[in-house]
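Novice:
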Amino acid sequence: MKRIFFVLIVWFLCFTNLFSEEISEQETTVQTEPADDTANKKDSSALDKKDEKPESIAVYEPIRKGDQYMKLGITVGFPLFNTSPEKFAVNPKIHPGGGFFLGYAYYLTKGFSLGGEVEFQFYPTLGKNLYFSVPIVFNIGYTFAKNRLRFPLSFGIGGNFQACNATKYFAMLFKPAVGFYYQYLPEWSFGGDIAWNVIPQWYKEKKYNRTGNFLTISIGARYHF
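For any residue, its number in my numbering is found by taking its place in the sequence shown, counting from 1, and adding 3.
Below, the structure is given as structure tokens:
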């Protein structure tokens with residue numbers, strides 16, 4: 004009986020020792036698992052940072068390729084002088100006049116543009132008549148931009164339909180111009196232009212040839228789109 008009791012005690016002690024070792028191993032496993040999760044989270048965050056793309060930086064461009072605008076305004080014209088084969092400066096016998104214009108331009112690059120313009124002008128003459136002029140030109144230009152300021156330079160070539168009393172005439176027209184505009188809103192700018200209008204008139208008899216020189220000052224608005 005004593006031997007049986009002694010064997011039971013030894014078996015109980017051995018079983019208790021094994022059970023305590025299994026519990027300690029389970030606790031070690033439970034304690035080490037969070038450390039593995041933290042390491043995994045650090046690794047995943049590092050990979051996410053590598054995969055993140057750098058933020059794009061927006062660059063403001065005052066004029067972009069493909070920009071367009073239409074402009075409308077009024078013009079004041081000053082007849083300067085005529086030239087002839089006999090004399091360089093001849094009195095044109097026309098008083099200052101006025102009119103209005105409508106134009107369009109398309110930017111091929113950030114500065115260069117192509118466009119067109121049509122005007123309607125009238126000038127009183129010394130004989131109390133009216134001289135009418137309808138210039139239509141095609142322009143090539145370049146615009147300098149600084150912040151909201153625009154400085155367009157252009158050169159136009161076209162034709163000029165003229166009429167005075169019963170006389171009508173069509174002439175070539177050359178028109179260099181310089182302007183200044185303020186970009187009040189992305190869609191709107193306001194300003195004006197100064198242009199030199201050179202209008203040659205050629206006849207069969209060269210002694211009647213004339214070249215008119217007009218200075219025009221215009222103010223207007225441009226709608227950008």
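Quick reminder that beta carbons are idealized off the backbone N, C-alpha and C, glycines included.
Verify whether the separation of the beta carbon atoms of Gly102 and Phe123 is less than 8 Å.
Specialist: Contact flag set, yes.
Novice: When burial is assigned at 16 or more other CB atoms within 10 Å of the CB, is Glu36 buried or exposed?
Specialist: Confidence is the limiting factor: at Glu36 the pLDDT is only 44, short of 50, which leaves the residue's position unreliable, though a coordinate-based value still follows. Per the 10 Å Cβ criterion, exposed.
Novice: Mind checking who Asn230 pairs with in its DSSP beta bridge?
Specialist: Residue 230 falls outside the range modelled here, since the chain spans only 4 to 228, and no answer is possible.
Novice: Under the rule that 16 or more other beta-carbon atoms within 10 Å means buried, what is Phe228, buried or exposed?
Specialist: With fewer than 16 other Cβ atoms within 10 Å, it is exposed.
Novice: Note the first and the last residue of the continuous beta strand (DSSP E) segment covering Tyr107.
Specialist: Looking at the DSSP string, the run of the beta strand (DSSP E) that includes Tyr107 is Gly100 to Tyr110.
Novice: Measure the alpha-carbon distance for Ile139 versus Glu190 and round it to whole angstroms.
Specialist: The alpha-carbon atoms of Ile139 and Glu190 are separated by roughly 25 Å.
Novice: Using the Cβ count rule (16 or more neighbours within 10 Å means buried), how would you classify Arg151?
Specialist: That one is exposed.
Novice: Give me the Cα-Cα distance between Phe193 and Lys113, rounded to the nearest whole angstrom.
Specialist: Cα-Cα distance, rounded: 20 Å.
Novice: Rounded to whole angstroms, what is the Cα-Cα separation between Gly119 and Asn200?
Specialist: The straight-line gap from Cα to Cα measures roughly 15 Å.
Novice: List the DSSP bridge partners of Trp191.
Specialist: Looking at the DSSP assignment, Trp191 forms a beta bridge with Tyr226.
Novice: Alpha carbon to alpha carbon, how far is Ile66 from Gly215? Give it in angstroms, no decimals.
Specialist: Spanning the two alpha carbons is a distance of roughly 35 Å.
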